[in-house]
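Line by line, the protein sequences are chains Y, R and V. Going by the working numbering, the first residue of the first sequence is number 8, and it counts up by one from there. Going by the working numbering, the first residue of the second sequence is number 6, and it counts up by one from there. Going by the working numbering, the first residue of the third sequence is number 70, and it counts up by one from there. First comes the structure, then the notes that go with it.
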Amino acid sequence: MTFLADLIQTLINGILQGGVYAAAAVGLSLIFGVSGILNAAHGELVMLGAFATYWLATLYRIDPLLTLPISFGLLFGLGYALQYFVLNRTLGRPLLLSLLVTFGISLVLLNVALRLWSADYRLLRTPYLERSFVVGPLIVPFARLVACVLGVAMVAALSWLLASTRLGRMIRATAQDLEMARMVGVNPRAVYAVTFGLGAGVSGVAGSLVALYAPVEPNMGLTYTLFAFAVVVLGGLGYTGGVVWGGLTLGVAQALTETYLEAGLSLLVAFALLYLILRFMPAGIMGKGRLE
Amino acid sequence: MTKRFGSLTALNGVDFALAEGEILGIIGPNGAGKSTLFNVIAGLETPTAGRVSYRGRSIAGMTADAVCRLGIAKTFQIPQLFPRLTVAENVLVAALYGGGHGLSASWREAREWLAFVGLADKAEKPAETLTVSERRRADLARVLGTGASLILLDENMAGLNRKEVEAAVGLLRDVRARGRTLVVTEHIMRAIIGLADRVVVLNYGEKIAEGRPADVMRDAAVIKAYLGESYA
Amino acid sequence: MIRWIALFALGVLLLLPIGVGPYPIRVATVIFMWAALAGSWNLLAGYAGAVDLGPVVYHGIGAFVTAALMLKLGLPFLVSAGLAGVVAVAIAYAVGTPTLRLRGAYFAIGTLALAESTKQLALAWDRLTRIPLTGGSAGVSLPLSAGYVPFYYVMLGLMTAVTVAALWLGGSKFGYGLRAIAENDRLAEASGLDIHCLKRRVYVVSACVMAMTGGTAGYWLSYINAADVFSASITFQMVVMALLGGLGTPFGPIVGAAFLTLVSEFLGTRFAYHYLIAIGVIIVLVSLFAPAGLTGVLEVVRRRREATA
């Protein structure tokens, strides 16, 4: 009986974490799918969103959930500016270039954060989020549930935006055929900037969600960059909807490792999974990803 | 050979033989499977079913580089190059690896073939500075540099004007005179008629006619494929 | 012409410890180490165009294998470091064969995943396998080494080996092959190059040098730790130095290593964050506006001089 309970609890943990992973990865997927830029600074954007929520809630006593749109706005602005002034110059040039430039940006963001806030871990305490639902032997922490639900909702909202709004169509058109998009009047520089802004914004919100239940610290960025890569590759590079599958797979795989193997190996499992998928199923689990 | 991409059958049991030293033309409307055919022969794709034999050896499933070293090379519909290498170096690489020569022999080969296609004056320029028609000639020089005995030309004359086409046809006749076998696909009928000893016609992945150019042009099935029922 | 200057410089470097004090020699050793690391990375990334984001894996393997051979089998340092290189070659061959089939972004991410996995594995190794090898998060202490001069020469040797390899690539058949792969790998394949085989050769040689460098660095510091020797920041610094100096040039890595090492010495540990912020900005600016790096700038200056002469 307890084996089943443990298993279900593990799956629940995995799914809750997976939802947040999906949210934390969708920005990377969007940016790569549209501009072909592999954003090495992705994790730092997540980290900045997490800190935005932490400081707004701690210094100004704003309810953490209300900080989500602010976090989005701040990161959107940062992302837009980065693309418009810096990254637009890397378009049409080899992958290494955008990888290096975003890597340079990540170094700057990380070390500015370290300079400002030091490497201390900070945990946001929000009383009403610290409850848990208890169903028999199963425990569902409220904060994690909220984070997961909001994360998945955000991915869904982004998908809706891309599929059904005029802006979304412009973005998809630019991604699919730049020449044609130009000919129908789309301004690619603006589209790429908006795309990066959107990607950064959702990444920031994902970071804010993480801040709801976990401690935040400037170095967390690298881990999230790697996790996001794993999620995106698992789900299929360039296929935005796939991040949900990728996130769930990664979340569950890690939860299983933590319960049945040992906690320290969860990172190893994540990266080993990433490597295996890259090698043997490069189009992702659902087979819909873009191949080089 | 047969080649399927998922539910799309690009080639369906296309079967023909090639004699050494001949020039074979492959024609057919767009989408007939001509490029796929070339890709399968050159090792860039693997046939779903069937055989590809070269000089008695089965080559289906060999990697593209092995096929090239064996003596089969293909030009590209959209000419490919090594952009920042010089034009001479582009052909050099082919001679070094495709032809398997040493460094000095390969340099000689490279310069010789560049002169042959008329690009000797561009030898030291970066390949990316070439115009489209120059790129096609460079692609041909590259293929010749590999020392291939069987050369597949994928619409190598597309976009050329009348005079340029005539020059290209003359060049290719020269290539055959040097002992190479050519398979040429073109939409420019004048070129095919002037060049090919034999023609194979593809439509929707199937061979619908084969024979001498003049005969094939008059074949009802071929006319129907190109122009529709009413012209047959 | 350049070669004579380089040969002369090498001569000077060989004789340097005679007249110069310990501090400059130590700084020089650090420069040589980074030049060797950046130079090996440069072979695959600069010449063959394959961006490996996990080269630190072999640095770490080299460190631990060297330590294990010295501590468990009592082998002398040079033998241990050399054998570490051999082990790295074997591992690189096995790992490179599947990994090098990945291209572009996939190869970059895949190698990064490999490096991070290995770091986690190394941290957990002793606990999991009960074979004491890596010391987990506590690390491994090596026997104390006497003096700093031997390390100077070993690192100088590694740097020279890598630079000679890069120079040789300049006009050789193998070098042209690599450049063709970097420019257009599909075309290279269609022109008869076995791209997988060529890339693997470079990958393996690179791994060997990095392992020997890692082993030497470990012995020099007398202490290695999985989190440090497999750290992604080592990869980052290698990449920056190669890029800054000039990707795909034989002396670029040396220039980049010298520049950044001196900058960091100058700023000292007080300005650690500023140093890294400055590095980040430099990377962005160099990548965008001077992708040929410092040696590229020197080239331009040299050509202008020749044109006006």
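Note that CB positions come from ideal geometry on N, CA and C, so glycine has one too. Given the structure is predicted, the values throughout are model-derived calculations rather than measurements.
(request) Could you check if A219/R is buried or exposed, using at least 16 other CB atoms within 10 Å of its CB as the buried criterion? (result) exposed
(message) Give the list of continuous alpha helix (DSSP H) stretches no shorter than 4 residues that lie fully inside the region 156-238 of chain V.
(response) 173-198
(request) Assign I146/Y to buried or exposed, taking buried as 16 or more other Cβ atoms, counted over all protein chains shown, within 10 Å of its Cβ. (result) exposed
(request) Counting only the same chain and skipping the five closest in sequence on each side, list residues whose C-beta sits under 7 angstroms from that of G204/V. (result) D195
(message) Against I346/V, what residues of chain Y qualify as contacts under a CB-to-CB distance less than 8 angstroms, listed in chain order?
(response) L114, V115, N118, V119, R122
(request) Identify whether S109/R lies in helix, strand or coil by the three-state DSSP scheme. (result) helix
(request) Could you tell me whether the Cβ atoms of G150/R and G105/R are closer together than 9 angstroms? (result) no
(request) Using the DSSP secondary-structure output, state which residues sit across from N208/R in a beta bridge. (result) E211/R
(message) Spatial neighbours of A115/R within its chain, please: C-beta separation below 7 angstroms, excluding the five flanking residues on both sides.
(response) A93, V96, L97, A100, G150
(message) When you compare the CB positions of S113/Y and E51/Y, do they come within less than 9 angstroms of one another, or not?
(response) yes
(message) Between the alpha carbons of A359/V and R100/Y, how many angstroms are there, rounded?
(response) 14 angstroms
(request) Measure from the alpha carbon of P225/Y to the alpha carbon of each residue in L45/Y, A164/Y, M54/Y, then state which is nearest. (result) M54/Y
(message) Quick check on L29/R: buried or exposed, where buried means 16 or more other Cβ atoms within 10 Å of its Cβ?
(response) buried
(message) Let me confirm a value: F287/Y is counted as buried when at least 16 other C-beta atoms fall within 10 Å, else exposed. Which label applies?
(response) exposed
(request) Give a yes or no on whether the C-beta atoms belonging to L103/Y and G118/V are separated by under 9 angstroms. (result) yes
(request) At 7 angstroms on the CB atoms, spell out the chain R contacts of K268/V, in chain order. (result) The premise fails here: K268/V is roughly 13 angstroms from chain R at the closest Cβ pair, so nothing lies under 7 angstroms.
(message) Restricting to Cα atoms, I'd like to know which of F77/V, A105/V, L113/V, V99/V is closest to C266/V.
(response) L113/V
(request) Within the region 60-116 of chain R, note down every full beta strand (DSSP E) run reaching 3 residues or more, in order along the chain. (result) 77-79
(message) Cutting at 6 angstroms between CB atoms, please list the residues of its own chain near R372/V, excluding the five before and the five after it.
(response) none
(message) Helix, strand or coil, according to DSSP, for T190/R in the structure here?
(response) strand
(message) Is there a C-beta anywhere in chain V that falls below 9 angstroms from the one on S111/R?
(response) yes
(message) Going by DSSP in three states, A15/R sits in which element: helix, strand or coil?
(response) strand
(request) Inspect the beta-carbon positions of L283/Y and V153/Y and report whether they are closer than 9 angstroms. (result) no
(request) Rounded to whole angstroms, what's the CA-CA distance from V238/Y to T9/Y? Just pull it up for me. (result) 31 angstroms
(message) Need the endpoints of the beta strand (DSSP E) that S139/Y sits in, please.
(response) 139-142
(request) Report yes if the CB atom of A221/Y is closer than 9 angstroms to the CB atom of T17/Y, and no otherwise. (result) no
(request) Say whether chain R places a C-beta atom closer than 9 angstroms to the C-beta of D195/V. (result) no
(request) Would you mind stating whether L181/V and G123/V have Cβ atoms separated by less than 9 angstroms? (result) yes
(request) Just tell me which of G214/Y, A164/Y, L219/Y has its CA closest to the CA of Y228/Y. (result) Inspection of the sequence shows that residue 228/Y is occupied by Gly rather than by Tyr. That would be G214/Y, whose Cα lies nearest to the Cα of G228/Y.
(message) Does R60/R pass the burial test, meaning 16 or more other C-beta atoms within 10 Å, or should it be called exposed?
(response) exposed
(message) Within 9 angstroms of any Cβ in chain V, is that where the Cβ of Y282/Y sits?
(response) yes
(message) 9 angstroms is my cut-off, CB to CB: does T4/R come that close to chain V?
(response) With chain R running from 6 to 237 in the structure shown, residue 4/R is simply not present.
(request) Would you kindly check if the distance between the Cβ of A201/R and the Cβ of L148/R is under 9 angstroms? (result) Looking at the sequence shown, residue 148/R is not Leu but Val. No, they are not a contact pair.
(message) Classify A170/Y: buried if its beta carbon has 16 or more other beta carbons within 10 angstroms, exposed otherwise.
(response) exposed
(request) On a CA-only basis, which of N111/V, V96/V, A97/V is nearest M310/V? Give me that one, please. (result) N111/V
(request) Spell out the partners DSSP gives R9/R in its beta bridges. (result) T14/R
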